[in-house]
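Okay, structure first, notes after.
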Amino acid sequence: MQRFIKIRLLRDLDLLEERFRVDKELWLEPGDCPVTFRPAADLLETKSGLTLRLDAAGISPADLSISISGQELIVKGRRRAFRPEGPARFLRHEIVHGDFERRFRIPIPVDPEQVEARYADGILEVWLPRLAPAARQIRVRDLDHE
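For the sequence shown, the positions run 1 to 146 when this note's numbering is used.
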């Protein structure tokens with residue numbers, strides 16, 4: 001029950017933040033303040049590693065940057081604003097644009113050299129394979145002859 005309350009509280013805070021952002025855009029002229037947003041993401045753990053799926057609809061793959069720093073996966077990007085051709089005014093302006101940065105704690109050892117990313121149908125998918133345990137020789141000590 002506590003978990004449900006926490007999830008609902010986090011969702012409500014996200015909705016409140018989004019509502020404030022949308023309302024703020026109505027008060028200010030376009031370009032008065034930088035708009036940032038937080039694309040939704042799923043992080044899955046499997047036997048072979050982790051998969052991050054991030055909602056990147058409307059974001060060009062060229063505007064995405066992925067890095068690993070310590071035990072953290074960092075995804076940065078930019079959704080460019082839509083500029084209508086000719087004179088026009090928005091009657092409703094809900095599609096968020098601007099820069100974003102998402103950070104995800106990596107809960108398992110992964111092989112940073114084997115990380116792969118792909119973009120399809122507006123979803124960025126990052127695969128982080130588990131780090132294979134290193135093979136190691138174990139020396140047998142001969143206690144009779146030491």
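All C-beta atoms in this analysis are idealised placements derived from N, C-alpha and C, irrespective of residue type, glycine included.
Only a predicted model underlies this, so the values are computations on that prediction, with no experimental measurement involved.
Three-state secondary structure assigned by DSSP to residue i
i: R8; result: helix
i: A62; result: helix
i: P112; result: helix
i: D121; result: coil
i: V144; result: It should be noted that the sequence gives Asp, not Val, for residue 144. D144: helix per DSSP, three-state reduction.
i: A94; result: The amino acid at residue 94 is misidentified as Ala; the sequence shows Glu. E94: coil per DSSP, three-state reduction.
i: P129; result: strand
i: E17; result: helix
i: G49; result: strand
i: G31; result: With a pLDDT of 49 at G31, under the threshold of 50, the modelled position of this residue cannot be trusted, and the question is left open.
Per DSSP, the bridge partner or partners of residue i
i: R78; result: D99
i: I68; result: L73
i: R105; result: E72
i: A41; result: L54
Contact under 8 Å by Cβ, residue i with residue j
i: A134; j: E125; result: no
i: A56; j: G122; result: yes
i: R130; j: S48; result: yes
i: L50; j: V75; result: no
i: F104; j: L43; result: yes
i: I106; j: E45; result: no
i: R79; j: G58; result: yes
i: S67; j: G77; result: no
i: L128; j: V115; result: yes
beta-carbon residue i near the ligand SAM non-hydrogen atom, thresh 7 Å
i: G122; result: This structure does not include the ligand SAM; it has no bound ligands of any sort.
Residue-level contact to chain C via CB, residue i, 8 Å cutoff
i: G58; result: Among the chains of the structure shown, chain C does not appear; only one protein chain is present.
**OP:** Could you say if the stretch 36-54 and the stretch 87-101 meet the contact criterion of at least three C-beta pairs nearer than 8 Å?
**Re:** yes
**OP:** Report yes or no: do the stretch 5-12 and the stretch 59-78 share at least 3 C-beta pairs separated by less than 8 Å?
**Re:** no
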